[in-house]
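Each protein sequence line maps, in turn, to chains A and B. Residue 1 is where the first sequence starts when you use the working numbering, and the numbers rise one by one after that. Residue 1001 is where the second sequence starts when you use the working numbering, and the numbers rise one by one after that. Using N, Cα and C, we set each Cβ at its ideal position, and we do this for glycine too. What follows is one structure encoded as structure tokens, with my remarks underneath.
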Amino acid sequence: MKNFSIAKRQVDQISVLDISGELDAHTASQLENSLKALIESKNIKIIVNCAKLDYIASAGLGVFMAYIEDVRGLGGDIKLSNMNDRVYNVFDLLGFPTLYDIVDDERDAVKAF
Amino acid sequence: MAGKKKYTLSVDSSTKHLSEVRDFVAEHAQNVGLTEKDISEIRLAVDEAYTNIIKHAYKNRPSKPVKIEIGVDAKKLWISIMDEGESFKPDEYKAPDILKRIKNKQRGGMGVFLIQKLMDQVQYNRKGKMNEIRMVKNL
């Protein structure tokens, strides 16, 4: 799975996942495992920084759909930042901007928590 | 891709081939001078169609045949993806209510909707035991 990778950082109480490469039905399980691990360890303030994400298919969006209710139910959120136009367009086509906090810059996501 | 040439890629039904399939169609789409936006839309539409074949037509059974053809004429680029699994029934398909799906912690159901948004024409055909999704991008 060389075309997708995830790195985790901590910014105070917030967990940031930097995702790189191509997120599709093959690589989505990696993101799923990372999100699950965060939620299980009660890290529920999550930012997914998409600055290095080149591509997303609906299987990638599906991962965000599967966990957002749990995270919000625990008082946290999954916020998305730094998307390029092509990636944002996919979220937009499916109406995600009204349901998710999608911001231009990670710093805005940090402030929004 | 001058004249009425057609290019074919045969793969088996596994998500590990997704990037190869995307790159195959993108390479040929580039050669006919489509814009970057058009090419990224074609990559995504083909990804979604192939993913649906793996998950739904073949129900994640590996090593089943999938054939991708891409061709061009004066007015359009067309892509045809064929499988021998269970047929998709477009009449029974409903556009996904994302909010409802999130509340129910469901996912999926978005691929067909995206394909329709991204391509100019989409057709589902049955030829013998073969299913075909044929997608067109106007030039």
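Exercise for the section: Keeping to the same chain, check which residues put their C-beta closer than 8 Å to that of B:Gly1111; ignore five residues upstream and five downstream. Expected result: Glu1048, Ala1049, Thr1051 and Asn1052
Nearest candidate by alpha-carbon position, reference B:Met1135, set B:Ser1063, B:Leu1044 and B:Val1122
B:Val1122
Checklist line | Span of the alpha helix (DSSP H), counted from its first residue to its last, around A:Phe64 | finding: Ser58 to Gly73
**Q.** 4 or more residues per run - each alpha helix (DSSP H) lying fully within the stretch 1006-1056 of chain B
**A.** 1018-1031 and 1036-1052
Determine, for B:Lys1059, whether the minimum Cβ-Cβ distance to residues of chain A falls below 8 Å. no
Is the Cβ of B:Tyr1007 closer than 8 Å to any Cβ of chain A?
no
Residues in the same chain with beta-carbon distance under 7 Å from B:Asn1125, minus the five sequence neighbours each way, listed in chain order, please. Glu1132 and Arg1134
By a C-beta neighbour count over all protein chains shown, 10 Å radius and 16 as the cutoff for buried, is B:Ser1010 buried or exposed? exposed
Beta-ladder partner(s) of A:Val87, from DSSP
According to DSSP, A:Val87 bridges with nothing at all.
- Message: Distance check for B:Glu1041 and B:Lys1005, CA to CA, integer angstroms please.
- Response: 22 Å
*asked:* With a threshold of 8 Å between beta carbons, is A:Phe91 in contact with chain B?
replied: no
- prompt: Taking C-beta to C-beta, are B:Gly1085 and B:Ala1057 nearer than 8 Å?
  reply: yes
Own chain partners of A:Ile44 with C-beta closer than 6 Å, once the 5 adjacent residues on each side are dropped | Val71, Leu74 and Gly76
Q.
From the DSSP secondary-structure annotation, give me the bridge partner or partners of A:Phe4.
A. A:Gly21
Worksheet item: How big is the Cα-Cα spacing for B:Thr1015 and A:Ala25?
Response: 6 Å
So, for A:Val16: in the same chain, excluding its five sequence neighbours on each side, which residues have a beta-carbon less than 6 Å away from its beta-carbon? Arg9, Ile47 and Asn49
| A:Arg107 (DSSP reduced to helix, strand or coil) | helix
* Given B:Ser1080, which residues of its chain have a CB within under 6 Å of its CB, disregarding the five upstream and five downstream residues? -> Glu1069, Glu1132 and Arg1134
Taking C-alpha atoms, which residue in A:Asn3, A:Glu32 and A:Glu22 lies nearest to A:Ile78? A:Glu32
Review point. DSSP state of B:Gly1207, grouped into three classes?
Key: For residue 1207 of chain B there is no data in the structure shown, the boundaries of chain B being 1001 and 1139.
Residue-level contact to chain B via CB, A:Glu22, 8 Å cutoff: yes
Exercise. From the beta carbon of B:Met1110, is the nearest beta carbon of chain A less than 8 Å away?
Worked result: yes
| request: For A:Ser41, count neighbouring C-beta atoms within 10 Å of its own C-beta (all shown protein chains included) and say buried if the count is 16 or more, exposed if not. | output: exposed
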